[in-house]
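Peer 1:
Residue numbers (this note's numbering), protein chains in the order written: chain A, 5 to 485; chain B, 2 to 246.
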């Protein structure tokens, strides 16, 4: 690793790096202060301060990690997948530094690293797992100089924040082009944009994908951006389509196609909103049967991706199997709480593909939604200010169900309107207060005691609902996880 | 389906290419508001190299990514674009948003590439601007207050022959300078408003449907609908617009 640790790390072995120590001290003190004031988990402001004092903080700490840093990127599933990877590495005997509370901009990553490091600049672990935001990816890669990069998927998301997919692709490709063979890019070969983006890099590449006969889509969903061949510009053909634009793709006019897969997932068994089982095979030898307590096909991709990264990191198969069997879902992604005698399943929704997959999971067993459901839509910065994306979600598939659908949040009224145009009649549609606590109360009053209900919030709505549930004693606070 | 049932043919220009920002909601709004009145809607996608059907009542043309706009611009040159203009001159209605709006002007001038020719349905030109306008928008128009969400760096300037769709009360609009938003020509409307626009601005939706039906059937008056849900969405969006910009 010596070649890449030129930015101050070499010096620090002999001389105390005062700038780094000062940055770390400020980050630590401010994080404690923020938590004491009850202003949240202190997961990003300390990073802003620390970065101002020492912009090389992440580079220096990352260079001192004996097993390097792993960067996890993708529109959907990055928090869950990063947590799976961290759990597997910990089971494999590593001390992991991880921006676990999901603050995935540069400042959040810096804050997490500062929190774990000693004031003398020792990183406090031997490997880093860094979940990164799509927009922050180029900076995080440049600063952390990772040994492994996971590219899990790239979907349409919050266009007001991230811009169009073409723009993100170009920036990612430029960031990856700077890496050499000391980095391995672990890529979802089923995603034609990512597979084509990682062709011909100096970095090594490891591919994964599905060969699955049960869980297929008949046609590209509305939420999928037209997948085209990078060389010919024509629309790709799919021999099998699994999720959004992920599948076994090929170009109808040239010889480009899904790359050969080094790790193949299949025989997926989806068990409602509870769990899944799947088989993961290597192209050259044996297979692993994995059982994981996360639901839905989208999580099968996350399990496969985490397994692929763990294998590149040299973790033994039996460790992977055991760690995934013990895995519990990430904060707010999907969790079950009992409150006022009702069982609530909360699932985060944040973009069209993610929402489609949650609906697919909730309706898979019964063919329609049968459990009362509250959809909570906010339009704050972290949710995306533009709620247009709701029109790309296939709510039409809820029209066959029987369950009442309630809406709340700053843009709950837009959500109710979306459901009306999806064919949900007056008999099932219940627009509730835009205030989340009031909306939650009115919703719960409509759910019979002892019954089940689904709650589908956007990011800040989830934070708010969770705060309400925490204050009322139903859920644990998240930064202690 | 009853043979005597009135029908509405919705022509969705480049639906699979120009479909970002949930603009598909506009097509859903046109189709549902027809269906709820006993009018049978048919949505026909008109893709690259597809001929333009003669009998479309309402066209919708949404926004796309840069690469797709180039292909669409090329596809509209010549007969297809001429036929689209002729349909509007003959009374067909049309809504275009963002990229679709720009390509119905004379041309779009990017920063560092050749100008993309439009078809000149609207007397306007657009050029790449230095900043991106992002946020909720409220516009005063002949349909009352319209509310949507803008997300564009292109600046649009109206010529002498263009009528603005309305005046911006909240937001930046066509170019951030003259307080105009969008353009109207006969029953064709172009603008930068996503949201999706039509579902929470039902007065405009019904104007487009009614114009299309009048061309097909002569006089046609739409029956009123219960728009309580739409009005609530409209009002909450206006409230957020005022609060966030």
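Glycine is no exception: its CB is placed at the ideal position from the N, C-alpha and C atoms.
Let's see if you can read the secondary structure: which residues bound the alpha helix (DSSP H) around residue 176(A)?
Peer 2: The residue you call residue 176(A) lines up with position 172 of the first chain. It spans 169-181 - the alpha helix (DSSP H) in which residue 176(A) sits, taken as one unbroken run.
Peer 1: Can you tell me where the beta strand (DSSP E) holding residue 66(A) begins and where it ends?
Peer 2: Locating residue 66(A) in the first chain gives position 62, counting from the first residue. Element bounds for residue 66(A): not the beta strand (DSSP E) but the alpha helix (DSSP H), 61-67.
Peer 1: Examine chain B for any beta-carbon lying closer than 8 Å to the beta-carbon of residue 432(A), and answer yes or no.
Peer 2: Start at 1 with the first residue of the first chain, and residue 432(A) comes out as number 428. So, not an interface residue.
Peer 1: Starting from the beta carbon of residue 25(B), find every residue of chain A whose beta carbon is closer than 9 Å, and list them in chain order.
Peer 2: Counting from one through the second chain, the residue named residue 25(B) turns up at place 24. Within 9 Å Cβ-Cβ: 226, 395 and 396.
Peer 1: Let me make sure I understand the geometry here. Which of 434(A), 427(A) and 401(A) has the alpha-carbon closest to that of residue 417(A)?
Peer 2: For this step, residue 417(A) is matched to residue 413 along the first chain. Cα-wise, what sits closest to residue 417(A) is 434(A).
Peer 1: Under 8 Å between C-beta atoms, does residue 168(A) make it to chain B?
Peer 2: By 1-based counting over the first chain, the position of residue 168(A) is 164. Output row for residue 168(A): interface = yes.
Peer 1: Do you know whose CA, among 340(A), 292(A) and 423(A), lies nearest residue 320(A)'s CA?
Peer 2: On the first chain, residue 320(A) is found 316 positions in, with the first residue counted as 1. Comparing Cα-Cα distances from residue 320(A) to each of 340(A), 292(A) and 423(A), the minimum goes to 292(A).
Peer 1: Would you give the residue range spanned by the alpha helix (DSSP H) that residue 110(A) belongs to?
Peer 2: Locating residue 110(A) in the first chain gives position 106, where the first residue counts as 1. Residues 110-120.
Peer 1: At which residues does the alpha helix (DSSP H) containing residue 26(B) begin and terminate?
Peer 2: Mapped onto the second chain, residue 26(B) falls at position 25. Residues 25-36.
Peer 1: What did DSSP end up calling residue 249(A) once you bin it into helix, strand or coil?
Peer 2: What you label residue 249(A) is simply residue 245 of the first chain in a count that begins at 1. Coil, per DSSP.
Peer 1: May I have a chain-ordered list of the beta strand (DSSP E) segments no shorter than 3 residues that lie completely inside the stretch 175-211 of chain B?
Peer 2: Counting whole runs of 3 or more residues, the stretch 175-211 of chain B contains the beta strand (DSSP E) stretches 184-186 and 189-192.
Peer 1: Please report the straight-line C-alpha distance between residue 333(A) and residue 288(A), rounded to a whole angstrom.
Peer 2: As a working mapping, residue 333(A) is identified with position 329 in the first chain. As a working mapping, residue 288(A) is identified with position 284 in the first chain. For residue 333(A) and residue 288(A), the distance between alpha carbons rounds to 31 Å.
Peer 1: Applying a beta-carbon distance threshold of less than 7 Å, which residues of chain E neighbour residue 231(B)?
Peer 2: Structure shown: chain E not included; protein chains present are A and B.
Peer 1: Please list, in chain order, the chain A residues whose beta carbon lies closer than 9 Å to that of residue 185(B).
Peer 2: Your numbering for residue 185(B) matches position 184 in the second chain. Within 9 Å Cβ-Cβ: nothing; residue 185(B) doesn't reach chain A, min ~22 Å.
Peer 1: What does DSSP give as the partner residues of residue 171(B) in its beta bridges?
Peer 2: As a first step, residue 171(B) must be located in the second chain, where it is residue number 170. Answer by DSSP bridge pairing, in chain order: 139(B).
Peer 1: Checking 8 Å against the spacing of the C-beta atoms, do residue 131(A) and residue 74(A) come in under that value?
Peer 2: The residue labelled residue 131(A) in the question sits at position 127 within the first chain. The residue labelled residue 74(A) in the question sits at position 70 within the first chain. Contact: yes.
Peer 1: Taking the alpha-carbon of residue 176(B) as reference, which of 149(B), 138(B), 127(B) and 195(B) has the nearest alpha-carbon?
Peer 2: Taking the first residue of the second chain as position 1, residue 176(B) is located at position 175. Out of 149(B), 138(B), 127(B) and 195(B), 127(B) has the C-alpha closest to the C-alpha of residue 176(B).
Peer 1: If residue 192(B) and residue 153(B) are in contact, beta carbons under 8 Å, what's the gap, nearest whole angstrom?
Peer 2: Translated into positions along the second chain, residue 192(B) becomes position 191. Translated into positions along the second chain, residue 153(B) becomes position 152. Not a contact, Cβ separation roughly 10 Å.
Peer 1: Any idea if residue 126(A) is buried or exposed, counting beta-carbon neighbours within 10 angstroms, 16 or more meaning buried?
Peer 2: If you number the first chain from 1, residue 126(A) lands on position 122. So residue 126(A) ends up on the exposed side.
Peer 1: Where are the alpha helix (DSSP H) runs, 4 residues long or more, that stay fully inside the stretch 87-165 of chain B, in chain order?
Peer 2: If we require 4 residues or more, the alpha helix (DSSP H) runs fully inside the stretch 87-165 of chain B come out as 100-104.
Peer 1: Using CA atoms only, rank isn't needed, just tell me which of 115(A), 192(A), 204(A) and 442(A) is closest to residue 504(A).
Peer 2: Since the displayed chain A opens at 5 and closes at 485, residue 504(A) lies outside it and no answer follows.
Peer 1: Thinking C-alpha only, which one of 251(A), 325(A) and 262(A) is nearest residue 284(A)?
Peer 2: Residue numbering aside, residue 284(A) sits at position 280 when the first chain is read from its first letter. The residue with the shortest Cα to Cα distance from residue 284(A) is 325(A).
Peer 1: Just to confirm, are residue 347(A) and residue 438(A) a CB contact at a threshold of 8 Å?
Peer 2: What you label residue 347(A) is simply residue 343 of the first chain in a count that begins at 1. What you label residue 438(A) is simply residue 434 of the first chain in a count that begins at 1. Contact flag unset, no.
Peer 1: Between residue 243(A) and the ligand SAM, is there a pair consisting of the residue's CB and a ligand heavy atom that are separated by less than 7 Å?
Peer 2: The ligand SAM is not part of this structure, which contains no ligands at all.
Peer 1: First and last residue of the beta strand (DSSP E) that includes residue 208(A)?
Peer 2: Taking the first chain and counting its residues from 1, one reaches residue 208(A) at position 204. Note, residue 208(A): beta strand (DSSP E), 208-214.
Peer 1: At a Cβ cut of 7 Å, what residues of the stretch 68-90 of chain B count as close to chain A, listed as they run along the chain?
Peer 2: Of all residues in the stretch 68-90 of chain B, 68 have a Cβ within less than 7 Å of some Cβ in chain A.
Peer 1: Buried or exposed for residue 2(B), going by 16 or more other Cβ atoms inside 10 Å?
Peer 2: Counted from its first residue, the second chain places residue 2(B) at position 1. Caution applies to residue 2(B), whose pLDDT of 46 falls short of 50 and renders its modelled position unreliable; the model cannot decide the point.
Peer 1: Quick one: what does DSSP say residue 340(A) is sitting in, helix, strand or coil?
Peer 2: Locating residue 340(A) in the first chain gives position 336, counting from the first residue. Looking at residue 340(A) - three-state DSSP - the assignment turns out to be strand.
Peer 1: Check whether the Cβ atoms of residue 533(A) and residue 464(A) sit closer than 8 Å, and answer yes or no.
Peer 2: What is shown of chain A runs 5 to 485, which leaves residue 533(A) out entirely.
Peer 1: Does any residue of chain A bring its CB to less than 8 Å from the CB of residue 29(B)?
Peer 2: Stepping through the second chain from its first residue, residue 29(B) is reached at position 28. So, interface residue.
Peer 1: Should residue 225(B) be flagged as near chain A, meaning a C-beta pair shorter than 8 Å?
Peer 2: Numbered from its first residue, the second chain carries residue 225(B) at position 224. For residue 225(B), the answer is no, since every Cβ of chain A falls outside 8 Å of its Cβ.
Peer 1: Would residue 33(B) count as contacting chain A if we go by Cβ distances under 8 Å?
Peer 2: For the purposes of this step, residue 33(B) is identified with residue 32 of the second chain, where counting begins at 1. It does; some Cβ of chain A falls within 8 Å.
Peer 1: Is there a C-beta anywhere in chain B that falls below 8 Å from the one on residue 418(A)?
Peer 2: By 1-based counting over the first chain, the position of residue 418(A) is 414. For residue 418(A), the answer is yes, since a Cβ of chain B falls inside 8 Å of its Cβ.
Peer 1: Taking Cβ positions only, does residue 470(A) come closer than 8 Å to chain B?
Peer 2: Start at 1 with the first residue of the first chain, and residue 470(A) comes out as number 466. Closer than 8 Å: no.
Peer 1: I'd like to know whether the C-beta of residue 130(B) is nearer than 8 Å to at least one C-beta of chain A.
Peer 2: One-based indexing of the second chain puts residue 130(B) at position 129. No, residue 130(B) does not count as interfacial toward chain A.
Peer 1: Kindly indicate which three-state DSSP category residue 239(A) falls into: helix, strand or coil?
Peer 2: In the first chain, counting from the first residue as 1, residue 239(A) sits at position 235. If DSSP states are grouped into helix, strand and coil, residue 239(A) belongs with the strands.
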